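First the structure, in the form of structure tokens, and then the observations on it.
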Amino acid sequence: MAHLEEVSVEKFKHLVSERALTGETVLLNMGPQHPSTHGVLRLLLELDGETIVNCIPDVGFLHTGVEKNMEAKTYQKAEVMTDRLDYMNPLGNNLAYSMAVEKLIDLDVPVRAQALRVILVELQRIASHLVWLGTSGLDLAAMSMFMYCFREREQILDIFELVSGQRMMTTYIRPGGVWRDVPVEFEKATRDFLKIFVKRVDEYETLLTKNPLFIDRTMDLGKLDSALALSYGVTGPVLRASGVNWDLRKARPYMGYEQYDFNVPITTEGDVYARYLVRVQEMRESLKIIEQALNKLPLGPVRSDNRKFVPPPRSEIGVSMESLIHHFKLWTEGFSAPQGSVYAAVESPRGELGVYLEGDGGPKPHRVHMRTPSFDNLGVLPRIVKGVLVADLVAILSSIDIVLGDIDR
Amino acid sequence: MDKKLEAIVKELQSKFSATAEEFRGEVHLIVKPENIVAALTYLRDEQKFELLSALTASDYFPQTAPRFHVVYQLTSLANNLSLQLRAPLHGEDPRLPSAAGVYGSANWRERELLDMFGIQFDGHPDPRRILMPEETEGHPLRKDYPLGYEEPQFSFNYEEIGSLKPFAKE
Chain A
1 MAHLEEVSVE KFKHLVSERA LTGETVLLNM GPQHPSTHGV LRLLLELDGE
51 TIVNCIPDVG FLHTGVEKNM EAKTYQKAEV MTDRLDYMNP LGNNLAYSMA
101 VEKLIDLDVP VRAQALRVIL VELQRIASHL VWLGTSGLDL AAMSMFMYCF
151 REREQILDIF ELVSGQRMMT TYIRPGGVWR DVPVEFEKAT RDFLKIFVKR
201 VDEYETLLTK NPLFIDRTMD LGKLDSALAL SYGVTGPVLR ASGVNWDLRK
251 ARPYMGYEQY DFNVPITTEG DVYARYLVRV QEMRESLKII EQALNKLPLG
301 PVRSDNRKFV PPPRSEIGVS MESLIHHFKL WTEGFSAPQG SVYAAVESPR
351 GELGVYLEGD GGPKPHRVHM RTPSFDNLGV LPRIVKGVLV ADLVAILSSI
401 DIVLGDIDR
Chain B
1001 MDKKLEAIVK ELQSKFSATA EEFRGEVHLI VKPENIVAAL TYLRDEQKFE
1051 LLSALTASDY FPQTAPRFHV VYQLTSLANN LSLQLRAPLH GEDPRLPSAA
1101 GVYGSANWRE RELLDMFGIQ FDGHPDPRRI LMPEETEGHP LRKDYPLGYE
1151 EPQFSFNYEE IGSLKPFAKE
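Line order of the protein sequences matches chains A and B.
FYI, the numbering for the first sequence is 1 to 409, going by this note's numbering.
FYI, the numbering for the second sequence is 1001 to 1170, going by this note's numbering.
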């Protein structure tokens, strides 16, 4: 492993200004261990006093070879890896991967499973935005935001635990449906959360939205115009804060999103404050979706009954020989997917989460690529931090809402 | 296929002698590596494909011609269309012209392909590894790169494992 002190400026001479070579400006490491980098991210900063001349992100510290590992597992078993990518959005990753598998093998999902998926993914979106709100509040010295946001997030994680047995690494959404039906307590727990959370969002807003200190720190900072954002593949709330109306839930509805009535919050300023407004409004819209989905949650199966791809329920295994054979085949050999490649994308809390999945006729994927939104969103950072102060870099970085597990895969 | 997309595909077929495939409602166009930047520029400027959603590759080892497919997943926000371009690459010295000048996001994505597949991008502004440490040997996502262990060689897979031998870590 390279040690940081071994790295010489020679290697990235083309990325810094000439003044760095003469020693007129200072090169400073921010991270990999730094409370404001939201994970293990190293930013090499070229500083003129306290002003940033150049910023060179260095990623890969959390690289665990997820894509390579998935190639060595069957389609069902590979799904466990997806939880570990964007650890603020495991259900969303499950969904994207499941959708890609379903597209590849041409499998239908029952309506109840679709509605459950929507409810859970929207809860996950709120949980993810809460972590973002809490930590970016913390970065701007609004300590109490962190406490409040994590209080509500805990309530969401309790719902996940109720449903899947796990707080974070759920693997609940699976190709063909969901793991099992939700327990009876689920509806009450979710409705309790909805009731409380509407008031809580108002509370967050009273703390920040008109807070002059917060506005001073965030307005007109880290401006990103829509053309630059699109060129750099920026998606999600960051893109919508730059005035581009693009949300995959509206543009290309999946899992029955077209039946729900919700808005896509847009602001045009493209600064840190605009991103804050978009995300806070998104939490409110997610509440609307969850409520509608709960109200008309259809009854029925939660897993596809195509036994060639989806394991039979436990109750059938004892009485049906075919079920036993299917179960055995699916968990030893797996199912074979046809040759060909598909790309399925969902709107994750951070943007377009796409899965490129290629089958080769066998039970293991030939290639899985996770198009993770944080990777592209961070790529634009060097372009928007030139000329700002180091303290403001912290605000800009947290407004992009990166997750390093998502970037490094 | 969507009518708008069909017109675009026809245009690309005549302009860049691309071949089209359709699978599960997705359109994949195989474009020659030397035409890829021109095709991307055309799609961005004339057909409003503003977003390069994904840029990745797939390895078809032991096949060598082509060994790799570099995959460009494009999205048009204005027309709500998707299109995939695929550039087949030969296994020996795989290289492509860089698309970093067309789409900014290609900069990091191409670094990732350089890192993971060893595909060289000519004219790339910053050709360094991105995820793996700089002194890494080999390219992890290639099919001949072992997954941390060596598979035991039996009589039934003797040749298959043998073909990976020079690459496996002893």
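Think of the CB as a built atom: it goes at the ideal place given N, C-alpha and C, for glycine as much as any other residue.
Keep in mind that this is a model prediction, so the values were computed, not measured.
> Can you list the residues of chain B that W246/A reaches, using a CB-CB cut of under 7 Å?
Replying inline: Counted from its first residue, the first sequence places residue 246/A at position 246. Per Cβ cutoff of 7 Å: L1077.
> How many Å lie between D158/A and V111/A at the Cα?
Replying inline: On the first sequence, residue 158/A is found 158 positions in, with the first residue counted as 1. On the first sequence, residue 111/A is found 111 positions in, with the first residue counted as 1. Near 25 Å, if we compare the C-alpha coordinates of V111/A and D158/A.
> If the cut is a Cβ gap below 9 Å, which residues of chain B does Y343/A touch?
Replying inline: Within the first sequence, numbered from 1, the residue matching residue 343/A stands at position 343. What Y343/A touches in chain B: E1026, S1053, A1054, V1071, Q1073, S1082, Q1084.
>> Per the DSSP calculation, A1087/B is bridged to which residue(s)?
In response: Position 87 of the second sequence, counted from the start, is the residue given in the question as residue 1087/B. V1070/B, per the DSSP bridge assignment.
>> Can you confirm whether F1023/B, when its beta carbon is compared against all beta carbons of chain A, has any partner nearer than 8 Å?
In response: Here residue 1023/B refers to the residue found at position 23 of the second sequence. Closer than 8 Å to some Cβ of chain A, the Cβ of F1023/B qualifies, so yes.
> M1132/B touches chain A at which residues, Cβ-Cβ below 7 Å?
Replying inline: Locating residue 1132/B in the second sequence gives position 132, counting from the first residue. Going along chain A in sequence order, the residues near M1132/B (Cβ under 7 Å) are G60, H63.
>> Assuming E1120/B is part of the beta strand (DSSP E), what are its boundary residues?
In response: For the purposes of this step, residue 1120/B is taken as the residue at position 120 of the second sequence. Here residue 1120/B turns out to be Gln, not Glu, going by the sequence shown. First-last of the beta strand (DSSP E) with Q1120/B: 1120-1122.
>> Output needed in chain order: residues of the stretch 1120-1144 of chain B with a Cβ under 9 Å from some Cβ in chain A.
In response: P1125, D1126, R1128, R1129, I1130, L1131, M1132, P1133, E1134, E1135, P1140, L1141, K1143
>> Check for me: the beta strand (DSSP E) holding I958/B runs from which residue to which?
In response: Outside the modelled stretch of chain B, which goes from 1001 to 1170, sits residue 958/B, for which no answer is possible.
> Under 9 Å Cβ-Cβ, which residues of chain B neighbour G379/A?
Replying inline: Taking the first residue of the first sequence as position 1, residue 379/A is located at position 379. Those within 9 Å of G379/A in chain B are G1104, S1105, N1107, W1108, R1109.
> With a Cβ-Cβ cutoff of 8 Å, do L85/A and G379/A count as a contact?
Replying inline: Looking up residue 85/A in the first sequence gives position 85. Looking up residue 379/A in the first sequence gives position 379. Taking 8 Å as the Cβ cut-off, L85/A and G379/A do not qualify as a contacting pair.
> Does the beta-carbon of T1136/B have 16 or more other beta-carbons within 10 angstroms, so that it is buried, or is it exposed?
Replying inline: Here the question's residue 1136/B lines up with position 136 in the second sequence. Result: exposed.
>> Helix, strand or coil for P237/A? Go by DSSP, reduced to three states.
In response: Mapped onto the first sequence, residue 237/A falls at position 237. P237/A: helix per DSSP, three-state reduction.
> Given a threshold of 16 other Cβ atoms within 10 Å of its Cβ, counted over all protein chains shown, does D247/A qualify as buried or as exposed?
Replying inline: Residue mapping note: residue 247/A aligns to position 247 of the first sequence, counting from 1. Under this definition D247/A is a buried residue.
> With E422/A and A344/A assumed to form a contact (beta carbons below 8 Å), what rounded beta-carbon distance in angstroms separates them?
Replying inline: Since the first residue shown for chain A is 1 and the last is 409, residue 422/A is missing from the structure and cannot be characterised.
>> Strictly under 8 Å for the Cβ-Cβ distance: is K1169/B near chain A by that measure?
In response: Numbered from 1 along the second sequence, position 169 holds the residue referred to as residue 1169/B. With a pLDDT of 48 at K1169/B, under the threshold of 50, the modelled position of this residue cannot be trusted, and the question is left open.
>> Short of 8 Å Cβ to Cβ, which residues in the stretch 317-329 of chain A face chain B?
In response: none
> Does the beta-carbon of W331/A have 16 or more other beta-carbons within 10 angstroms, so that it is buried, or is it exposed?
Replying inline: The sequence position of residue 331/A within the first sequence is 331, counting from 1. So W331/A counts as exposed.
> Which residues, in order along the stretch 1034-1067 of chain B, keep a beta-carbon less than 7 Å from a beta-carbon of chain A?
Replying inline: E1050, L1051, L1052, S1053, A1054, T1056, S1058
> Does the beta-carbon distance from L130/A to R167/A come in below 8 Å?
Replying inline: By 1-based counting over the first sequence, the position of residue 130/A is 130. By 1-based counting over the first sequence, the position of residue 167/A is 167. Contact: no.
> Do you know how far the Cα of E205/A is from the Cα of R1024/B?
Replying inline: Here residue 1024/B refers to the residue found at position 24 of the second sequence. Here residue 205/A refers to the residue found at position 205 of the first sequence. Taking C-alpha positions only, R1024/B is separated from E205/A by approximately 45 Å.
> What do you get for H1090/B, buried or exposed, if any count of 16 or more other CB atoms within 10 angstroms of its CB means buried?
Replying inline: Counted from its first residue, the second sequence places residue 1090/B at position 90. Exposed, since its Cβ has fewer than 16 Cβ neighbours within 10 Å.
> Under the rule that 16 or more other beta-carbon atoms within 10 Å means buried, what is S398/A, buried or exposed?
Replying inline: As a first step, residue 398/A must be located in the first sequence, where it is residue number 398. Answer is buried; the Cβ neighbour count reaches 16.
>> Suppose only complete runs of 4+ residues qualify. What are the alpha helix (DSSP H) ranges in the stretch 155-240 of chain A, listed by chain order?
In response: 185-208, 212-218, 226-231, 237-240
>> Please list, in chain order, the chain B residues whose beta carbon lies closer than 9 Å to that of S348/A.
In response: Locating residue 348/A in the first sequence gives position 348, where the first residue counts as 1. Here the premise fails: no neighbours, minimum Cβ distance about 13 Å.
>> So, for S128/A: in the same chain, excluding its five sequence neighbours on each side, which residues have a beta-carbon less than 6 Å away from its beta-carbon?
In response: Here residue 128/A is taken as the residue at index 128 of the first sequence, counted from 1. Excluding positions up to five away in sequence, the list reads M88, N89, P349.
> Is the shortest distance between the beta-carbon of G243/A and the beta-carbons of chain B less than 8 Å?
Replying inline: In the first sequence, residue 243/A corresponds to position 243, counting from 1. G243/A does not count as touching chain B.
>> Distance check for L1040/B and L104/A, CA to CA, integer angstroms please.
In response: Position 104 of the first sequence holds residue 104/A. Position 40 of the second sequence holds residue 1040/B. Each residue's alpha carbon lies about 26 Å from the other.
>> According to DSSP, I56/A sits in a beta bridge with which residue or residues?
In response: Counted from its first residue, the first sequence places residue 56/A at position 56. Per DSSP, L44/A.
> Which residues in the same chain have their Cβ closer than 6 Å to the Cβ of S1082/B, if we skip the five residues on either side of it in sequence?
Replying inline: Here residue 1082/B refers to the residue found at position 82 when the second sequence is read from its first residue. Result list for S1082/B: T1075, in chain order.
> What are the boundary residues of the beta strand (DSSP E) that includes M370/A?
Replying inline: To locate residue 370/A, count along the first sequence from 1; it is residue 370. M370/A -> beta strand (DSSP E) spans 365-371.
> Do D181/A and V310/A come within 8 Å of each other at the CB atom, strictly closer than that value?
Replying inline: Position 310 of the first sequence holds residue 310/A. Position 181 of the first sequence holds residue 181/A. No.
> In this structure, what does DSSP give as the bridge partners for T74/A?
Replying inline: Taking the first sequence and counting its residues from 1, the one referred to as residue 74/A is at position 74. Paired residues: none, contrary to the question.
>> DSSP three-state label for E1170/B, please.
In response: For the purposes of this step, residue 1170/B is taken as residue 170 along the second sequence, with counting starting at 1. Its pLDDT being 43, under 50, E1170/B is placed unreliably in this model, and the value from its coordinates should be taken loosely. In the structure shown, E1170/B sits in coil (DSSP, three-state: anything other than H, G, I, E or B).
> Among S1163/B, N1157/B, P1127/B, which residue has its Cα nearest to the Cα of K13/A?
Replying inline: Position 13 of the first sequence, counted from the start, is the residue given in the question as residue 13/A. Of the candidates S1163/B, N1157/B, P1127/B, the one whose C-alpha sits nearest the C-alpha of K13/A is P1127/B.
> Could you check where the beta strand (DSSP E) with P1097/B kicks off and where it finishes?
Replying inline: In the second sequence, residue 1097/B corresponds to position 97, counting from 1. Taken as a continuous stretch (DSSP letters only), the beta strand (DSSP E) holding P1097/B covers 1095-1097.
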